[in-house]
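Numbering-wise, the sequence shown is residues 1 to 695 according to the UniProt record's numbering.
By construction, the Cβ of each residue, glycine as well, lies at the ideal position given by its N, Cα and C atoms.
The structure appears right after this line, and notes come after that.
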Amino acid sequence: MGSVAGDAARLSYPPTRRDDSVVDMYHGVPVADPYRWLEDPESEDTKEFVASQVELAESVLAGCFDRENLRREVTRLFDHPRHGAPFRRGDKYFYFHNSGLQAQSVLYVQDSLDGEAEVLLDPNALSKDGTVALSTYSVSKDGKYIAYGLSESGSDWVTIRVMNIADKQTLSDKLSWVKFSSISWTHDGKGFFYGRYPAPREVELDAGTETNINLNHEIYYHVVGSDQSEDILCWKDPEHPKYSFGASVTEDGKYIILGTYEGCDPVNKLYYCEICTLPQGIEGFKKTKGMLPFVKLIDNFDAQYHVVANDGDEFTFLTNRNAPKNKLVRVDIKKPELWTDILPEHERDVLESADAVNGNQLLIRDLVTGNLLHKLPLEIGSVSEISCRREDMDVFIGFTSFLSPGIIYRCNLTSAIPEMKIFREISVPGFDRTNFEVKQIFVNSKDGTKIPMFIMSKRDIELDGSHPTLLYGYGGFNISLTPSFSVSRVVLCKNMGFVVCVANIRGGGEYGEEWHKAGARAMKQNCFDDFIACAELLISAGYTSYRQLCIEGGSNGGLLIAACVNQRPDLFGCALAHVGVMDMLRFHKFTIGHAWTTDYGCSDNEEEFHWLIKYSPLHNVRRPWEQSFVNCCQYPAIMLLTADHDDRVVPLHSLKLLATLQYVLCTSIEDTPQIDEVADRYSFMAKMLVASWTE
């Protein structure tokens, strides 16, 4: 920060009001919060602050000369057809397709895999300004209806609508205040289960801008053609208002499975209800006003249980119980005393998912014995999607990697040796993968733990410390960063000589639950140490220099970026923090933030407060020349990105940190939106790192 990329003129930052009277007492420790007023998104003061920051950001971005070059080249490479894996419901096939520059992929329907495809649902046509997005969907088993959820302006709030597939007519059904919900149809096609919160008290609320805490999640059953007010309440737990729930119907239609979650940890309770035991069916509970009679199979939060398949009462679960890398188990839910391991935990590999198809489970094992039947021939990369059901003969597998835009394989399981053929392959005009290379290295972290990191660059670069470099990380909530194709990364490498790196730091799920826990709660500092070690390696190994190193992350990754900048401002030339969790003392008070306490802890607890205050980005901005760094240094140039309808990581986090940075250091930045946003971010980065464009 300070001067921009060595320019003589410093930025002139808008004056921002401080209220030094706001001081909270945490377990005897006073903590000032002078920008508390920025927590109100509707106040005129907040709106004025945001407007002035947007104006400042635009003035800086206008001087980023490669902005148009990036926009043009990313647009050119993005303009290629993309397909999703097909799936079958009833006698029809469905798949998503994007012609190239469509903001959202379009859902198509066809009578056979070779039949003529028709547009079923085009999310791009749902609003003139493109702010309405398709966020979830589910097709009924008979292929008669599709229920789909729409969100506006990036909000987590969803409105569910229903369409008759035959005539493509949207029905009158409209379900509001849905959030963090799947849609699961009963096999009779009469209706579906979904999750929602009580409607807020504010009558004219602009959904997505509010910061109120989300409490009292409930499961309802909706009958097609009825009003939402008539929906049947199936489950709630007012004694535990922070719990969330998910209801799904088993593939044989016999059971309703209820999962209960207390946060973001991979643990859940699991109950079941046998539909045939309901004398008047689900609709009979509309009269009784009672909840469904769920049977408690797992009534604690000791482990995660995910249904893979069932043969009547015999269920197969993927679980991490006594298996941090996951395993498959089988149990008769009517006789739950005996649980049998059918695929034990692997000593090295994490079992990410399991799908049952044609009596087998991918990749590909017998569902009953767990014996390995076939190993599918895939290069190093990521399985992006698996499309199959128990009754299917074909499995469609989506695959991607850093250098593979996407391949959909069709695997036929009717033969003794399953055939694996390319069904569709994505081609990007102008992209030649032989010009690039990807390697994986392992970095020693502060405590000696080896941290994996992928490095993508042009082929055979010279390690002379001259390359602008982008280091990306996340490190939280058991989420794995696996190889995937990115047009913007390709453009950075091809046209600007960047080295692009992805660090698989602790806190993620790359090595299972132990890896996750090693970067959570009291161990959160490990995430920052791992990321800093990766940055130091990139410099010491000759990939780059600190002046040419940019770090990037979003959400929990935004927290990562801000914390690392605070702890090592001397190590980076630029930082891009998207929608970061920046106020670690108050995050649990807004929308769904309370669910994150399983990963972070909570300042209401004295021990956990002392974990959080040590790294909370908002509370650790310091003038670097007042810290014990060998060399006097400034903060790197920083861009903070947020969104006015982000009701998950609400904007107040970025706004309060921005005001603090500008007050303490007299520097920072805010932002703007898909290809345009990429051009803004990376042209800013390029200017700060003095990276030049080449055709």
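Where the alpha helix (DSSP H) through Thr260 begins and ends:
For the purposes of this step, residue 260 is identified with residue 260 of the sequence shown, where counting begins at 1. Careful: Thr260 lies outside any alpha helix (DSSP H), inside the beta strand (DSSP E) at Tyr255 to Tyr261.
Notebook entry, point to check: Which of the three DSSP states, helix, strand or coil, is assigned to Tyr305?
Noted result: Within the sequence shown, residue 305 is the residue found at index 305, counting from 1. Reduced to three states, the DSSP call for Tyr305 is strand.
Applying the criterion that 16 or more other CB atoms from any shown protein chain within 10 Å of the CB defines a buried residue, is Ser415 buried or exposed? By one-based count along the sequence shown, residue 415 stands at place 415. Ser415 should be labelled exposed.
Could you tell me the alpha carbon to alpha carbon distance between Glu608 and Arg521, rounded to whole angstroms? Within the sequence shown, numbered from 1, the residue matching residue 608 stands at position 608. Within the sequence shown, numbered from 1, the residue matching residue 521 stands at position 521. The straight-line gap from Cα to Cα measures roughly 8 Å.
Given His80 as reference, the closest of Leu343, Thr46, Gly406 and Gly259 once Cα atoms are compared:
What you label residue 80 is simply residue 80 of the sequence shown in a count that begins at 1. Nearest to His80 by alpha-carbon distance, out of Leu343, Thr46, Gly406 and Gly259, is Gly406.
**Item:** Bridge partners - Asn444, DSSP secondary structure assignment
**Value:** Working through the sequence shown from its first residue, we reach residue 444 at position 444. Lys450.
Item checked: Local conformation of Ile408 per DSSP, three classes -> The count along the sequence shown starts at 1 and reaches residue 408 at position 408. Three-state DSSP puts Ile408 in a strand.
### Task
Find out if the Cβ-Cβ distance for the pair Asp265, Thr598 is shorter than 7 Å.
Here residue 265 refers to the residue found at position 265 of the sequence shown. Here residue 598 refers to the residue found at position 598 of the sequence shown. Taking 7 Å as the Cβ cut-off, Asp265 and Thr598 qualify as a contacting pair.
So does Ile551 have its beta carbon nearer than 6 Å to some heavy atom of the ligand SAH? Judged by which ligands are present, the structure shown has none, so any question about the ligand SAH falls away.
- prompt: Can you give the Cα-Cα distance for Glu39 and Cys411, rounded to whole angstroms?
  reply: Locating residue 39 in the sequence shown gives position 39, counting from the first residue. Locating residue 411 in the sequence shown gives position 411, counting from the first residue. Glu39 and Cys411: Cα-Cα distance of roughly 52 Å.
- Message: Using a 10 Å radius around the Cβ and a threshold of 16 neighbouring Cβ atoms, would you call His27 buried or exposed?
- Response: Position 27 of the sequence shown, counted from the start, is the residue given in the question as residue 27. Residue environment analysis places His27 among the exposed positions, since fewer than 16 neighbouring C-beta atoms fall within 10 angstroms of its C-beta.
Beta carbon of Tyr243 nearer than 7 Å to that of Leu258: Start at 1 with the first residue of the sequence shown, and residue 243 comes out as number 243. Start at 1 with the first residue of the sequence shown, and residue 258 comes out as number 258. Contact: no.
Between the beta-carbon of Phe402 and the beta-carbon of Pro483, is there less than 7 Å?
Stepping through the sequence shown from its first residue, residue 402 is reached at position 402. Stepping through the sequence shown from its first residue, residue 483 is reached at position 483. Against a cut-off of 7 Å, the Cβ pair of Pro483 and Phe402 comes out as a contact.
Quick one: complete alpha helix (DSSP H) runs, 4+ long, within the region 564 to 636?
The DSSP assignment places 597 to 600 and 606 to 613 as complete runs of the alpha helix (DSSP H) inside the region 564 to 636, in order along the chain (cut-off: 4 residues).
Item checked: N- and C-terminal bounds of the alpha helix (DSSP H) containing Ser488 -> Residue numbering aside, residue 488 sits at position 488 when the sequence shown is read from its first letter. Under the DSSP assignment, Ser488 falls in the alpha helix (DSSP H) whose first and last residues are Val487 to Met496.
*asked:* Once the 5 residues before and after Arg547 are set aside, which same chain residues still bring their CB inside 6 Å of it?
replied: Within the sequence shown, residue 547 is the residue found at index 547, counting from 1. Leaving aside the five residues that flank Arg547 on each side, the residues in its chain whose CB is nearer than 6 Å to its CB run, in chain order, Gly573.
Nearest-angstrom Cβ-Cβ length linking Ile232 and Glu283, presumed shorter than 8 Å: Within the sequence shown, the letter at position 232 stands for residue 232. Within the sequence shown, the letter at position 283 stands for residue 283. Right, their Cβ atoms sit about 7 Å apart.
Open item on the list: Please report the distance separating the alpha-carbon of Leu113 from that of Tyr93.
Closed with: Along the sequence shown, one-based indexing puts residue 113 at 113. Along the sequence shown, one-based indexing puts residue 93 at 93. Going by C-alpha positions, Leu113 is about 7 Å away from Tyr93.
Checklist line | Span separating the alpha-carbon of Ile561 from that of Gly189 | finding: On the sequence shown, residue 561 is found 561 positions in, with the first residue counted as 1. On the sequence shown, residue 189 is found 189 positions in, with the first residue counted as 1. Ile561 and Gly189 have their C-alpha atoms spaced approximately 47 Å apart.
Val22, buried or exposed, once every other Cβ within 10 Å from all chains shown has been counted against 16: The sequence position of residue 22 within the sequence shown is 22, counting from 1. It counts as exposed.
Q. In chain order, which beta strand (DSSP E) runs of at least 3 residues are fully inside the region 262 to 342?
A. Listed in chain order, the beta strand (DSSP E) runs fully inside the region 262 to 342 are 269 to 274, 295 to 298, 305 to 311, 314 to 319 and 327 to 332, counting runs of at least 3 residues.
Whole-angstrom distance between Ser155 and Ala679, CA atom to CA atom = In the sequence shown, counting from the first residue as 1, residue 679 sits at position 679. In the sequence shown, counting from the first residue as 1, residue 155 sits at position 155. Looking at the two C-alpha atoms, the distance is approximately 23 Å.
*Backbone CA spacing between Val139 and Glu536 [nearest angstrom]*: Here residue 139 corresponds to residue number 139 of the sequence shown, with the count starting at 1. Here residue 536 corresponds to residue number 536 of the sequence shown, with the count starting at 1. The straight-line gap from Cα to Cα measures roughly 49 Å.
Check whether residue 712 and Gly473 have beta carbons under 7 Å apart: Absent from the model: residue 712. The displayed extent of the chain is 1 to 695, so no value can be given.
8 Å contact criterion, which Ile408 and Ala85 should meet: CB distance rounded = By one-based count along the sequence shown, residue 408 stands at place 408. By one-based count along the sequence shown, residue 85 stands at place 85. About 5 Å separates the two Cβ atoms, so the contact holds.
Original post:
Roughly how many whole angstroms lie between the Cα atoms of Asn216 and Met291?
Top reply: If you number the sequence shown from 1, residue 216 lands on position 216. If you number the sequence shown from 1, residue 291 lands on position 291. So the two alpha carbons sit approximately 15 Å from each other.
Measure the Cβ-Cβ separation of Leu77 and Val428 and say whether it is below 7 Å. In the sequence shown, the residue the question calls residue 77 occupies position 77. In the sequence shown, the residue the question calls residue 428 occupies position 428. At the C-beta level, Leu77 and Val428 come within 7 Å of one another.
* Can you tell me whether Ile422 is buried or exposed, with buried defined as 16 or more other CB within 10 angstroms of its CB? -> On the sequence shown, position 422 is the one that residue 422 refers to. That one is exposed.
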